[in-house]
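Student:
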């Protein structure tokens, strides 16, 4: 494995800690803790940066200026103020709520959203949990995100929340299938489920977005649907069902939903980067992780662009589109990939 | 698209939308009876903004009544002023100077564009495209600039008075209007790009909440909601009141009476209104802007029903005079109020997501509905 | 409720606690999310305030939340009728503390031109505790922005409000002394 | 602008068919009809091929202190003219047949007249108040309506010092 800046840093740290403690297990453990802390840092930073970015991008699309008073000319402290405010708001629990489920929901939503970050190769060798069935595990974990929405929607004892909960289940389950099928072609091409192998397979500039353009489009649409963003933001369709499952949540609990939403957004962008855009690969003048984040941020911008341009689809449209268009197309993509691979004698 | 009745027996439930709901345009409350997401019945509950304007007018003089009309349908105040002023003029036999008539038509048509822009913007916003709304509001500001120039207000103008208009149509207002007219085709093209040409937007409104011409006529509906069903009834043409008889314009009609047609009719009416304004600017004569109206206005005994084409349909003022300075009874036929009867028909068999587009395509203004 | 009021007496004037309070006050003042609820005419001006020309988002106040649970500010934009009074009280009570109310427009302040009507509440301060009054019929968007900045000042510097109140009380006493 | 109303001949024809009809000679001649003959008259005005008053323009009521008149303005695109139909009702117990069977679109306006003026429409599918809250006493548009505003509900602010009451 070639070394990169991040993995080199990790190696050096491991050596230092080993030098101090002298126990190999402890140094591994310490490194894991540092890694987890870093990832959580990235997630919460992502939420802060993306709320700011979203407001600026939105303002840009809507011929406005966006925040520019709080914290200097560019309003850089705006998300900090929002965060602090949400932390100190009153915590209201509705009277008729199912208290345990209600309180668990935001936390449970955040866990899978954060857990999947363990599998991402931010740079060559810089993976927290380097497992050889990475893709499989990743989707197994992120699939759990459906339940907390339903829990929150059910437990709130509010009809809007309930409708939102129903919507989220039908929508996320429908789009899980095309999402996975769209990646099958890539797995066939690389022959590995390890994410780093997938990235390495794209070395030499032949990114999978060029080999699998159809899969990329399907993946992008499904990923937007999975993250519940416009045009598929039926879950919290503001003008229809107020805030969907989150209608009754206030203050920090709601902020956790918010955090999970932006963590999922970054996840979607990172997945697109890893699978289709060559991950951390790029010309040498920038380190690998810089390329990685650059591509991810570009993807995030693209998804935000969708949000501020498209209207919202309707619930029956989104489902029929998922099952009748996305799924057959993604299976066709798998089939075509197989045929081409056979013809080229790659199997 | 109406689905067949579900084979399994399911329980219906009641969803209460409003009076505070982001897409009910103010304080409309709608009780939706739902089967899953499908609407079985929609019952509008009105009155959350009932301010008793009709009663208040009975204790005001005719001149004092006029500002209340501003606050009826608060995004087409000019048209309301126009309607009330016409009613009182008919009652008191006041002849309005020609220049004032033209200025009135210019203002009423500008306000129609303004109101339709808000209608389109809120439709876009309710469908989730908030950028569309922001664009509509951006273009609306240029109309408000003109109003600001002629009367100094942005919303409740009180500009069209009994007997004429309160201030002259200045050269600056004229140049602003001309600049705005040049913008009209540009922003219409922009909406075509952003909304009309958008596949998702199209699919959300084509074929949704359809209504036949007969149904609309039975429900007494008027205005763009009626014209979308294919009935070319426009009081500006039919009655030819004020100077509309001398102007050349078309009545855009729809075909299926669905949300798409209502949206298209509004877009086309913007273009037609721009045409009317252009003609009025060309024909605008010199002269007085105010007729000789007695300081104390005492119309003769009698009653009058005078109607005009408001932005939402037939806006009628029924005034009974007992010969004193105050009207004995004023009744306002509010188009939004009558059009609200169509809501149940429009929502039936649709999904929750369609109900919001039905609200915004019917385009009620609660100040007018509740009066 | 500030931290200062929760800690023991001896810690009240501790520099750290005062600073933490100040920080949270700053956060509250700079991140006021209004509830997107309009009653009447003024609601249109409220919407205009958020749009391109006036751009409320410059101050970070453009996040109009549809749900009272996540909102900080109730802008009562329009005429309040008796029928609407119950829902508006409920909306207010659904909002989490700290929460603020702006009375926008003359209808919300005293009932405006409809004050003598049978169905209109004469001023929302009969119903809700109001923080800032914005006169006008309807107020221009600039006035709403100014009102929100006034609210910001009020949150950031509660002591100024107290000073102002003390001055008013003094003046009132003087007036009464003169009359007597 | 002046609208056309029905001419004397046209009115005379209507008068020939309904014996309770009386017509005032005014600029806008109103047809007064008794509640019994009201519905047949409206049906005839709407369905007669030479009249075809298909559009119910305005429906309201006027309180004349001794009686309450319910006023209908019908418009015919065929003739380009209005007809004014009025029904006098007893003030203490105003009740007339509902016109919703002829003009379904009159539903809300009849409810409004009931709400604000207190005229009951028999045969109306849903005779409830529409603008005023349920349980409201009285009918505001009547001339003798007096009303004392009740105290509105009050929300209190928790956790903050109450404002000094004297300011």
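Residue numbers (my numbering), protein chains in the order written: chain A, 1 to 347; chain B, 1001 to 1371; chain C, 2001 to 2180; chain D, 3001 to 3167.
By construction, the Cβ of each residue, glycine as well, lies at the ideal position given by its N, Cα and C atoms.
Under 6 Å Cβ to Cβ from residue 1002(B), same chain only, skipping five residues before and after it: list those, please.
Tutor: Walking along the second chain from the start, residue 1002(B) turns up at place 2. Because residue 1002(B) carries a pLDDT of 49, less than 50, the predicted location of this residue cannot be relied on, and the following value inherits that uncertainty. Only 1349 meet the Cβ criterion.
Student: By the criterion of Cβ-Cβ separation under 8 Å, what are the contact partners of residue 1073(B) in chain D?
Tutor: In the second chain, counting from the first residue as 1, residue 1073(B) sits at position 73. Under the 8 Å cutoff, chain D gives no residues; its nearest Cβ is about 16 Å from residue 1073(B).
Student: Rounded to whole angstroms, what is the Cα-Cα separation between residue 156(A) and residue 245(A)?
Tutor: Stepping through the first chain from its first residue, residue 156(A) is reached at position 156. Stepping through the first chain from its first residue, residue 245(A) is reached at position 245. Answer to the nearest angstrom: the Cα atoms are 8 Å apart.
Student: Listing by chain order, which chain C residues have their CB less than 7 Å from the CB of residue 1027(B)?
Tutor: Translated into the one-based positions of the second chain, residue 1027(B) becomes position 27. In chain order: 2039 and 2084.
Student: Could you give the first and the last residue of the continuous alpha helix (DSSP H) run that contains residue 1116(B)?
Tutor: By one-based count along the second chain, residue 1116(B) stands at place 116. First-last of the alpha helix (DSSP H) with residue 1116(B): 1098 to 1126.
Student: Can you check whether the C-beta of residue 3165(D) is within less than 8 Å of a C-beta belonging to chain C?
Tutor: Translated into the one-based positions of the fourth chain, residue 3165(D) becomes position 165. Confidence at residue 3165(D) is low in this model, with a pLDDT of 40, below 50, so its placement is unreliable and no value can be given for it.
Student: Is the Cβ of residue 1337(B) closer than 8 Å to any Cβ of chain F?
Tutor: The question asks about chain F, but that chain is absent: this structure's protein chains are A, B, C and D.
Student: Looking at the secondary structure, which residues open and close the beta strand (DSSP E) in which residue 3058(D) lies?
Tutor: In the fourth chain, residue 3058(D) corresponds to position 58, counting from 1. Counting along the chain, the beta strand (DSSP E) containing residue 3058(D) begins and ends at 3055 to 3063.
Student: Determine whether the beta carbon atoms of residue 1379(B) and residue 1124(B) lie at a separation below 8 Å.
Tutor: Given a span of 1001 to 1371 for chain B in the structure shown, any question on residue 1379(B) remains unanswerable.
Student: Under 7 Å between beta-carbons, which chain A residues line up against residue 2067(C)? List them in chain order, please.
Tutor: To locate residue 2067(C), count along the third chain from 1; it is residue 67. Simply 242, 243 and 247.
Student: Return yes when the Cβ of residue 1280(B) is within less than 8 Å of the Cβ of residue 1106(B), no when it is not.
Tutor: The sequence position of residue 1106(B) within the second chain is 106, counting from 1. The sequence position of residue 1280(B) within the second chain is 280, counting from 1. The answer is yes: Cβ separation under 8 Å.
Student: Determine, using beta carbons only, whether residue 2117(C) comes closer than 8 Å to chain B.
Tutor: Position 117 of the third chain, counting from 1, holds the residue named residue 2117(C). So yes, residue 2117(C) belongs to the interface.
Student: What whole-angstrom Cβ distance do residue 2080(C) and residue 2044(C) have, given they're in contact under 8 Å?
Tutor: On the third chain, position 80 is the one that residue 2080(C) refers to. On the third chain, position 44 is the one that residue 2044(C) refers to. About 17 Å separates the two Cβ atoms, so there is no contact after all.
Student: Between residue 2133(C) and chain D, is there a C-beta pair that is closer than 8 Å?
Tutor: As a first step, residue 2133(C) is located in the third chain; it is residue number 133 there, counting from the start. It does not; no Cβ of chain D falls within 8 Å.
Student: My output table needs one value for residue 318(A): the three-state DSSP class, helix, strand or coil.
Tutor: Sequence index remark: in the first chain, residue 318(A) carries index 318 (1-based). It is helical.
Student: Tell me the DSSP secondary structure of residue 1290(B) in three-state form.
Tutor: As a working note, residue 1290(B) is residue 290 in the second chain. Strand, per DSSP.
Student: Quick one: any contact between the stretch 47 to 65 of chain A and the stretch 2052 to 2066 of chain C, if contact means 3 or more CB pairs under 8 Å?
Tutor: Touching, yes.
Student: For a cutoff of 8 Å on Cβ pairs, would you count residue 323(A) as touching chain C?
Tutor: Position 323 of the first chain, counting from 1, holds the residue named residue 323(A). Taking Cβ atoms only, chain C never reaches closer than 8 Å to residue 323(A), which makes this a no.
Student: 8 Å is my cut-off, CB to CB: does residue 3155(D) come that close to chain C?
Tutor: Counted from its first residue, the fourth chain places residue 3155(D) at position 155. Cβ-Cβ to chain C under 8 Å: yes for residue 3155(D).
Student: Can you find a CB in chain B that lies within less than 8 Å of the CB of residue 62(A)?
Tutor: Within the first chain, the letter at position 62 stands for residue 62(A). Yes, its Cβ sits closer than 8 Å to a Cβ of chain B.
Student: Using a Cβ-Cβ cut-off of less than 9 Å, list which residues of the stretch 2024 to 2038 of chain C approach chain B; keep chain order.
Tutor: Here the close residues are 2035, 2036, 2037 and 2038.
Student: Which word fits residue 3162(D), buried or exposed, when buried means at least 16 other C-beta atoms lie within 10 angstroms of its C-beta?
Tutor: Along the fourth chain, one-based indexing puts residue 3162(D) at 162. A caution first: residue 3162(D) carries a pLDDT of 45, below 50, which makes its placement in the model unreliable, though a value can still be read off. Label assigned to residue 3162(D): exposed.
Student: Have a look at residue 1262(B) and residue 1111(B) and give me their C-alpha separation to the nearest angstrom.
Tutor: For the purposes of this step, residue 1262(B) is taken as the residue at position 262 of the second chain. For the purposes of this step, residue 1111(B) is taken as the residue at position 111 of the second chain. For residue 1262(B) and residue 1111(B), the distance between alpha carbons rounds to 18 Å.
Student: Given that residue 1068(B) touches chain C, what residues does it touch there, using C-beta distances under 8 Å?
Tutor: The residue you call residue 1068(B) lines up with position 68 of the second chain. What residue 1068(B) touches in chain C: 2113.
Student: Quick one: measure Cβ to Cβ for residue 322(A) and residue 199(A), integer angstroms, because I've assumed they're closer than 8 Å.
Tutor: Reading the first chain from its first residue, position 322 is the one you call residue 322(A). Reading the first chain from its first residue, position 199 is the one you call residue 199(A). With a Cβ gap of about 28 Å, residue 322(A) and residue 199(A) do not count as contacting.
Student: Quick check on residue 2091(C): does DSSP put it in helix, strand or coil?
Tutor: As a working mapping, residue 2091(C) is identified with position 91 in the third chain. Here residue 2091(C) sits in helix by DSSP.
Student: To the nearest whole angstrom, what separates the beta carbons of residue 1223(B) and residue 1313(B), a pair I think is in contact under 8 Å?
Tutor: Here residue 1223(B) corresponds to residue number 223 of the second chain, with the count starting at 1. Here residue 1313(B) corresponds to residue number 313 of the second chain, with the count starting at 1. Indeed, because the Cβ distance is near 3 Å, the residues count as touching under 8 Å.
Student: Output the boundary residues of the alpha helix (DSSP H) element that contains residue 3075(D).
Tutor: As a working mapping, residue 3075(D) is identified with position 75 in the fourth chain. Where residue 3075(D) is concerned, there is no enclosing alpha helix (DSSP H), although the beta strand (DSSP E) it sits in stretches over 3067 to 3076.
Student: What residues are listed by DSSP as bridge partners for residue 1016(B)?
Tutor: For the purposes of this step, residue 1016(B) is taken as residue 16 along the second chain, with counting starting at 1. Residue 1016(B) is bridged to 1031(B).
Student: Determine, using beta carbons only, whether residue 1137(B) and residue 1077(B) come nearer to each other than 8 Å.
Tutor: Taking the second chain and counting its residues from 1, the one referred to as residue 1137(B) is at position 137. Taking the second chain and counting its residues from 1, the one referred to as residue 1077(B) is at position 77. Not in contact: residue 1137(B) and residue 1077(B) (Cβ atoms no closer than 8 Å).
Student: Name the DSSP beta bridge partners of residue 2223(C), please?
Tutor: Any question about residue 2223(C) goes unanswered here, given that chain C covers just 2001 to 2180.
Student: Anyone know if the C-beta pair for residue 1325(B) and residue 1298(B) falls short of 8 Å?
Tutor: Within the second chain, the letter at position 325 stands for residue 1325(B). Within the second chain, the letter at position 298 stands for residue 1298(B). The answer is yes: Cβ separation under 8 Å.
Student: If you compare alpha carbons, which of 1340(B), 1149(B), 1329(B) and 1252(B) is closest to residue 1087(B)?
Tutor: Here residue 1087(B) corresponds to residue number 87 of the second chain, with the count starting at 1. Per the Cα distances, 1329(B).
Student: Can the beta-carbon of residue 1271(B) be found less than 8 Å from the beta-carbon of residue 1181(B)?
Tutor: Here residue 1271(B) refers to the residue found at position 271 of the second chain. Here residue 1181(B) refers to the residue found at position 181 of the second chain. Taking 8 Å as the Cβ cut-off, residue 1271(B) and residue 1181(B) do not qualify as a contacting pair.
Student: Just checking, does the stretch 1360 to 1368 of chain B make contact with the stretch 1248 to 1257 of chain B on the three C-beta pairs under 8 Å criterion?
Tutor: They do not touch, by the three-pair rule.
Student: Quick one: does residue 1214(B) have its CB under 8 Å from some CB of chain D?
Tutor: Here the question's residue 1214(B) lines up with position 214 in the second chain. Not closer than 8 Å to any Cβ of chain D, the Cβ of residue 1214(B) fails to qualify, so no.
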